[in-house]
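Data block below; observations after.
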Amino acid sequence: MKDKRFHRFLHRQIPLFIALSLVPGLGYLFLGWLNDVFTPAFVWYLLIVATSIWGVRIYRNFDFDTMSEQRRDRWYQQCSWFMYAFFLLWVLIFLLYVRLDTYKLHYIAIFTEIGASVVASTLLASDRRLYRPIIFLLMVPLVAYFSMIGEWYGYVLTAFAATLTWVLLHAANSTHQLLMQASHQATHDTLTGLHNRQYFIDHLQKRMNSLNESHEFSYLLLIDLDHFKTVNDSLGHDVGDQLLKLVVARLLQHVPDDCVVARLGGDEFIISGRSFAEREACERTSLEVSERLITHLKETYIVDPHHLYISASIGVSIISGGNADSNANSFIKEADIAMYEVKAKGRDGVFMFNEEMSRRVESHLEIERLLHFALINHEITLCYQPQVNHEGRVIGAETLARWTNPVLGPVSPVQFIPIAEQTGLIVELGTHILETGFKTLREWHDSGIDLDQFSINISMRQLTHYHFVAMVKDLVEHYLDDKLSRKLVFEITESIVAEDIDRVILIMNQLKELGIRFSMDDFGTGYSSLSNLNRLPLNEIKIDRAFVNALSHHEGDRAMVTTILKMAGILQLSIVAEGVETEAQLDFLRGHDCPIFQGYYYSKPLPKEQFAAYYRGHL
Ligand code: C2E
Ligand code: CA
Ligand code: CA
62 MKDKRFHRFL
72 HRQIPLFIAL
82 SLVPGLGYLF
92 LGWLNDVFTP
102 AFVWYLLIVA
112 TSIWGVRIYR
122 NFDFDTMSEQ
132 RRDRWYQQCS
142 WFMYAFFLLW
152 VLIFLLYVRL
162 DTYKLHYIAI
172 FTEIGASVVA
182 STLLASDRRL
192 YRPIIFLLMV
202 PLVAYFSMIG
212 EWYGYVLTAF
222 AATLTWVLLH
232 AANSTHQLLM
242 QASHQATHDT
252 LTGLHNRQYF
262 IDHLQKRMNS
272 LNESHEFSYL
282 LLIDLDHFKT
292 VNDSLGHDVG
302 DQLLKLVVAR
312 LLQHVPDDCV
322 VARLGGDEFI
332 ISGRSFAERE
342 ACERTSLEVS
352 ERLITHLKET
362 YIVDPHHLYI
372 SASIGVSIIS
382 GGNADSNANS
392 FIKEADIAMY
402 EVKAKGRDGV
412 FMFNEEMSRR
422 VESHLEIERL
432 LHFALINHEI
442 TLCYQPQVNH
452 EGRVIGAETL
462 ARWTNPVLGP
472 VSPVQFIPIA
482 EQTGLIVELG
492 THILETGFKT
502 LREWHDSGID
512 LDQFSINISM
522 RQLTHYHFVA
532 MVKDLVEHYL
542 DDKLSRKLVF
552 EITESIVAED
562 IDRVILIMNQ
572 LKELGIRFSM
582 DDFGTGYSSL
592 SNLNRLPLNE
602 IKIDRAFVNA
612 LSHHEGDRAM
622 VTTILKMAGI
632 LQLSIVAEGV
642 ETEAQLDFLR
652 GHDCPIFQGY
662 YYSKPLPKEQ
672 FAAYYRGHL
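Taking our numbering, the leading residue of the sequence shown gets 62, the next gets one more, and so forth.
Here it is, written out as structure tokens:
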């Protein structure tokens, strides 16, 4: 139980012992003066004072959070010697006073001895190595004293004193066990028996203090199981718990012996490794251990009757000393950032934290913070990219969001849209985009710009928001009419297939009643199955610009594009080729009967007025 609480507890006892000795000690000094043993009593009291001064120094030398393991061990040794010394002094005064003829003094000495034993058995119960020898040290002279009286009552008292010794030891042992249990519970995870987060943070802090002194390196591995939630949700928590236990068994089997493994919570585990003199060796080992874990964790688990597979994402952080203001949590955070990087790159892998990652996280947080004010401050605007048909006539427009912030400058939607999705801000942002888009569509129509279609990108989180359909209805009623709402095309991505597809279909059908059409954006980049796609009430497909871009030099992509075009024909879907930049791309697409083109070859996304001018110029 050599943890923080243990040391703090011992630390707190020191002043108590000093006070319990200095004050009653004066009484003994006085008694010594009355009974002609002033000099020995005075010497004894001087020893008490000297020991107290020593105790104060030990008390002051304690600072758990910055002490290295070695220093803490040394401190504990000193503290133990201090305790032994103190109680030994009380035995000495006992021995001094019971040798005098004044019986009154004997009573006082006997009481003192018993009192000191009770103090030792209660206040030192947290540490066996202290209370056991000290209780013996105090009680054995008392037992001997009674037995030497030589009268029958002396033997009775001897028996009583021996029994009391046993009772005190027993009481201290019981308290000790309870404390150990409580400490175990406070520092361990009940399900897996591993250390818990609190323990690990204390442990890591100690390690860091040691590394600070030795200028060595160590590593942290943060392990998060991939899609563990699915196991819990689909097979139940019992199976989930069993799986976690098996995962832990495997972790313990495959980490080096000198590692400390803890469960941070849920399906997150953390491991700290041994120390290395060289950073390179530390990095190499951390990656080797991670790779080994990834391989072994992936092997089949049998939780009757299920055969389960689970992979893991591991983030690595290298801990080094010499950095005064870093604490245990900051290294865990680094490993966490690295782990999220693995998750973002498709899970099942390992990354080591670097500064670049932390910059990315910071910029992400900055964007997140500023995005909150972007709408109020009118920083979000819309651009419109022309969509052109076979004859070169502008038949449509895609609405694209633009954000220019005074501090960040222009921020790409590729950056801020995902953040808006994560934070839920996309709902508000999306509403603003729809409203602005609808106003533009109305204005254009009123000024004679007649488009066949007007496309708006819709995020999944936006589409599945409970208020979405009602909101679109309201806006349509307010700004558009039947004729104009039939021009609307909502672009969605293949990520919806990961959603509750029946619900998505329901929402899409409700919107279709308003005359709105649907387009599958970035087609070909996702992983959706054709059967799923076929279930969605789609009207249009947008060939992703990656395929269009590769047309000129990739045979495979050419085949992909022609296949998509043929498929669209069979499914009677309209098709837009995105990202058309060159004449060659355009020629190929035209040659394969692609009806609509969008891309820099024609125009970049344009502000409202410029789009109107472009439209008029290409009539
Ligand atoms: P997307 O829907 O695939 O939009 C097409 C992107 O390709 C746009 O980038 C457009 O500027 C760019 N692009 C168009 N033609 C060409 C070309 O010929 N060459 C190249 N290299 N790029 C071209 P942008 O505007 O940066 O938008 C990026 C993505 O952000 C969009 O991809 C869309 O997923 C998302 N996004 C943009 N605006 C919105 C919005 O209002 N709502 C939602 N939910 N997402 C949006
Ligand atoms: Ca789009
Ligand atoms: Ca696209």
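Cβ coordinates follow ideal geometry from the N, Cα and C atoms, glycine included.
DSSP three-state label for H288, please.
The sequence position of residue 288 within the sequence shown is 227, counting from 1. DSSP places H288 in coil when its eight states are reduced to three.
Any residue with its Cβ nearer than 5 Å to a heavy atom of ligand 2 should be included. What is that list in chain order?
N518, E552 and D582
When I478, T501 and K500 are compared against L490, the one with the closest alpha-carbon
Translated into positions along the sequence shown, residue 490 becomes position 429. Ranking I478, T501 and K500 by Cα distance to L490 puts I478 first.
Using the C-alpha atoms, what's the distance from Y158 back to P85?
As a working mapping, residue 85 is identified with position 24 in the sequence shown. As a working mapping, residue 158 is identified with position 97 in the sequence shown. Approximately 15 Å between the Cα atoms of the pair.
Hey, is T501 close to ligand 1, as in C-beta under 7 Å from one of its heavy atoms?
Position 440 of the sequence shown, counting from 1, holds the residue named residue 501. It does not: the Cβ of T501 is nowhere closer than 7 Å to a heavy atom of ligand 1.
What does DSSP give as the partner residues of S580 in its beta bridges?
Here residue 580 refers to the residue found at position 519 of the sequence shown. E552 and E601, per the DSSP bridge assignment.
Would you call I636 buried or exposed, if buried means 16 or more other Cβ atoms sit within 10 Å of its Cβ?
Residue 636 sits at position 575 when you count from the first residue of the sequence shown. By the neighbour-count rule (16 or more Cβ atoms within 10 Å), I636 is buried.
Could you please give me the residues that DSSP links to T219 through a beta bridge?
The residue given as residue 219 occupies position 158 in the sequence shown. DSSP output for T219 lists no bridge partner at all.
Under 7 Å: does the beta carbon of V622 sit that close to some heavy atom of ligand 1?
Taking the first residue of the sequence shown as position 1, residue 622 is located at position 561. False, no ligand heavy atom lies under 7 Å from that Cβ.
Secondary structure of E212, DSSP reduced to three states
For the purposes of this step, residue 212 is taken as residue 151 along the sequence shown, with counting starting at 1. Residue state, collapsed to three classes: coil.
Which residues DSSP lists as bridging Y445, in chain order:
Numbered from its first residue, the sequence shown carries residue 445 at position 384. In DSSP, Y445 forms a bridge with T460 and L667.
Enumerate in chain order the residues of its own chain whose CB-to-CB distance from F197 is below 8 Å, with the five nearest sequence positions on each side excluded.
By 1-based counting over the sequence shown, the position of residue 197 is 136. Excluding residues within five positions, the ones whose Cβ falls inside 8 Å are T226.
Thinking G93 and A102 are a contact (beta carbons under 8 Å), I'd like their distance in whole angstroms, please.
Here the question's residue 93 lines up with position 32 in the sequence shown. Here the question's residue 102 lines up with position 41 in the sequence shown. That pair is a contact at about 3 Å.
Which whole runs of the beta strand (DSSP E) in the segment 346-426 are 3 residues long or more, in chain order?
362-364, 367-369, 373-381 and 410-413
Straight-line CA distance for M62 to Y260?
Reading the sequence shown from its first residue, position 1 is the one you call residue 62. Reading the sequence shown from its first residue, position 199 is the one you call residue 260. The predicted model places M62 with a pLDDT of 49, which falls under 50 and marks its position as unreliable; any figure quoted below should be read in that light. Approximately 11 Å, taken between the alpha carbons.
Look up M62 in the DSSP assignment and say whether it is helix, strand or coil.
Taking the sequence shown and counting its residues from 1, one reaches residue 62 at position 1. Its pLDDT being 49, under 50, M62 is placed unreliably in this model, and the coordinates cannot settle the point.
Please report the residue range of the beta strand (DSSP E) in which I517 lies.
Counted from its first residue, the sequence shown places residue 517 at position 456. First-last of the beta strand (DSSP E) with I517: Q514 to N518.
So is N270 buried or exposed if we call it buried at 16+ other beta carbons inside 10 Å?
In the sequence shown, counting from the first residue as 1, residue 270 sits at position 209. N270 is buried by the Cβ-count criterion.
Assuming E395 contacts S378 under a Cβ cut-off of 8 Å, what Cβ separation, rounded to an integer in Å, is found between them?
Residue numbering aside, residue 395 sits at position 334 when the sequence shown is read from its first letter. Residue numbering aside, residue 378 sits at position 317 when the sequence shown is read from its first letter. Confirmed, Cβ separation roughly 4 Å.
Name the two residues that bound the continuous beta strand (DSSP E) containing P471.
For the purposes of this step, residue 471 is identified with residue 410 of the sequence shown, where counting begins at 1. Per DSSP, P471 belongs to the beta strand (DSSP E) from G470 to V472.
Own chain, CB closer than 6 Å to G576, minus 5 neighbours either side, in chain order:
The residue labelled residue 576 in the question sits at position 515 within the sequence shown. Around G576: S546 and R547.
Considering only heavy atoms of ligand 1, does any lie closer than 7 Å to the CB of P474?
As a position in the sequence shown, residue 474 is number 413, starting the count at 1. Yes, the Cβ of P474 comes within 7 Å of a heavy atom of ligand 1.
Distance CB(L461)-CB(L486) smaller than 8 Å
Residue mapping note: residue 461 aligns to position 400 of the sequence shown, counting from 1. Residue mapping note: residue 486 aligns to position 425 of the sequence shown, counting from 1. Taking 8 Å as the Cβ cut-off, L461 and L486 do not qualify as a contacting pair.
Run the proximity test for I577: is its beta-carbon closer than 7 Å to any non-hydrogen atom belonging to ligand 1?
Stepping through the sequence shown from its first residue, residue 577 is reached at position 516. For ligand 1, not one heavy atom lies less than 7 Å from the Cβ of I577.
My understanding is that V641 touches L650, with C-beta atoms under 8 Å, so please give their C-beta distance in whole angstroms.
Sequence index remark: in the sequence shown, residue 641 carries index 580 (1-based). Sequence index remark: in the sequence shown, residue 650 carries index 589 (1-based). Indeed, because the Cβ distance is near 7 Å, the residues count as touching under 8 Å.
For Q465, which of helix, strand or coil comes out of DSSP?
Along the sequence shown, read from residue 1 onward, the residue named residue 465 stands at position 404. Position check: residue 465 holds Thr in this sequence, whereas Gln was assumed. Correct three-state label for T465: strand.
Could you pull out every unbroken beta strand (DSSP E) segment of at least 3 residues lying fully inside the segment 609-678, listed in chain order?
635-638
Is the beta carbon of E459 closer than 8 Å to that of Y445?
On the sequence shown, position 384 is the one that residue 445 refers to. On the sequence shown, position 398 is the one that residue 459 refers to. Yes. Within cutoff.
Between the beta-carbon of S351 and the beta-carbon of S279, is there less than 8 Å?
The residue labelled residue 351 in the question sits at position 290 within the sequence shown. The residue labelled residue 279 in the question sits at position 218 within the sequence shown. The answer is no: Cβ separation not under 8 Å.
Cβ of S516 within 8 Å of Cβ of E552?
Here the question's residue 516 lines up with position 455 in the sequence shown. Here the question's residue 552 lines up with position 491 in the sequence shown. Contact flag set, yes.
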